[in-house]
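Enquirer:
In the UniProt record's numbering, the protein residues as written are 1 to 207.
(1) Can you tell me where the beta strand (DSSP E) with residue 81 in it begins and where it stops?
(2) So, helix, strand or coil for residue 37, using DSSP?
(3) Going by DSSP in three states, residue 122 sits in which element: helix, strand or coil?
(4) The beta strand (DSSP E) spanning residue 182 covers which residue range?
(5) Under 8 Å, with one C-beta from each stretch per pair, do the segment 159-170 and the segment 65-79 reach the 3-pair mark?
(6) Can you give me the start and stop residues for the alpha helix (DSSP H) that residue 145 sits inside?
(7) Out of 156, 203, 176, 174, point me to the one whose CA is closest to residue 168's CA.
(8) Along the chain, where does the alpha helix (DSSP H) containing residue 225 start, and where does it finish?
(9) Considering only residues of the same chain and omitting the five flanking positions on each side of residue 82, which have a CB-CB separation below 8 Å?
(10) Spatial neighbours of residue 144 within its chain, please: C-beta separation below 7 Å, excluding the five flanking residues on both sides.
(11) Tell me whether residue 116 sits in a helix, a strand or coil according to DSSP, three-state version.
(12) DSSP three-state call for residue 48: helix, strand or coil?
(13) Our contact map puts residue 189 next to residue 113 with C-beta atoms below 8 Å; I'd like the distance itself, whole angstroms only.
(14) For the beta strand (DSSP E) that residue 89 lies in, which residues bound it at each end?
(15) Taking 8 Å as the cut-off, decide whether the C-beta atoms of residue 122 and residue 49 are in contact.
(16) Which first and last residues belong to the beta strand (DSSP E) in which residue 169 is found?
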C-alpha cells in the first residue's frame, strides 16, 4: 500500500513538473510564433495586393457572419478574415480576404485572395497547405495560381479538358480534389466580396 502511494506521488510530481515545463516552453515560444504567423500573413497580403501601402482591419468583421454569407451562396469554406487594401493617399483599392478551404485532399488549405473594387481578382497566396508533394502542392506553383490572376468573373469552375474562357481553371493533373478545393475557396471569397461591396459601397471603413 505504501509503495502504491509512493509511486502515485512520484507520478504526480512528474506530471506537475512536465506541465510546468510545457507551460514555460509555450510562454517562451508564443511570441516568436505569433510574429512569424503575422509576417507570413502580411507577406500573403502584399503578394495579392502589391500596390497597397497598408492593410487595415475591417471594422466589426465577424468570421462567423462572413462564413454564413459564403454558406448562403453554397460554399462550405470558412472566411477567416478580411482587411482593406489601402493606397498611399488613403484611398481604398480593394480587399484581401483570407479563406480556409476544408475540402483539400490532405486537410484544410488556407490562403488569401486580393480583389479590386471592380471585382478583378489579383490572385491568391497560400499560407497553409499539406497536400501531396508533386501533385496537390502544385497549387502553390505559378502554372496553377496564374490562372486566377487578373480575372474578373463571379465564379470559377474546374475543367479537365482545357479552359475555354476566363472562368475555367485547368485542374492540376492527378490532383483534381486540390484544384477544386482551392477554386471553390476562391469562389467563396468572391461571394463574400460581392456582399461586402453591396454593404460598403466601396468606401474605406475607419476603425
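Idealized CB from N, CA, C, for every residue including glycine.
Expert: On the basis of the coordinates in this document:
(1) Here residue 81 refers to the residue found at position 81 when the chain shown is read from its first residue. Residue 81 -> beta strand (DSSP E) spans 78-86.
(2) Taking the chain shown and counting its residues from 1, the one referred to as residue 37 is at position 37. Annotated three-state conformation of residue 37 is helix, per DSSP.
(3) Counting from one through the chain shown, the residue named residue 122 turns up at place 122. In the structure shown, residue 122 sits in a strand (DSSP, three-state: E or B).
(4) Stepping through the chain shown from its first residue, residue 182 is reached at position 182. Per DSSP, residue 182 belongs to no beta strand (DSSP E); it is in the alpha helix (DSSP H), 176-200.
(5) Counting C-beta pairs with one atom in each stretch, the segment 159-170 and the segment 65-79 have fewer than three that are closer than 8 Å, which means they do not touch.
(6) Sequence index remark: in the chain shown, residue 145 carries index 145 (1-based). Counting along the chain, the alpha helix (DSSP H) containing residue 145 begins and ends at 142-145.
(7) Counting from one through the chain shown, the residue named residue 168 turns up at place 168. Residue 156 is the option with its Cα nearest to residue 168.
(8) Absent from the model: residue 225. The displayed extent of the chain is 1 to 207, so no value can be given.
(9) If you number the chain shown from 1, residue 82 lands on position 82. Annotation for residue 82: 58, 61, 66, 95, 96, 97, 98, 192, 196 place their beta carbon closer than 8 Å to its own, counting only its chain and skipping 5 residues before and after.
(10) Numbered from 1 along the chain shown, position 144 holds the residue referred to as residue 144. Taken in chain order, the residues that qualify are 138, 172.
(11) To locate residue 116, count along the chain shown from 1; it is residue 116. In the structure shown, residue 116 adopts extended strand secondary structure according to DSSP, grouped into three states.
(12) Your numbering for residue 48 matches position 48 in the chain shown. Per DSSP, reduced to three states, the secondary structure at residue 48 is helical.
(13) Position 189 of the chain shown holds residue 189. Position 113 of the chain shown holds residue 113. With 8 Å as the limit, residue 189 and residue 113 qualify as a contact, their Cβ atoms being about 5 Å apart.
(14) Here residue 89 refers to the residue found at position 89 of the chain shown. Note, residue 89: premise wrong, no beta strand (DSSP E); not H, not E.
(15) The residue labelled residue 122 in the question sits at position 122 within the chain shown. The residue labelled residue 49 in the question sits at position 49 within the chain shown. Contact: yes.
(16) Here residue 169 is taken as the residue at index 169 of the chain shown, counted from 1. Secondary structure note for residue 169: its beta strand (DSSP E) is the uninterrupted segment 168-170.
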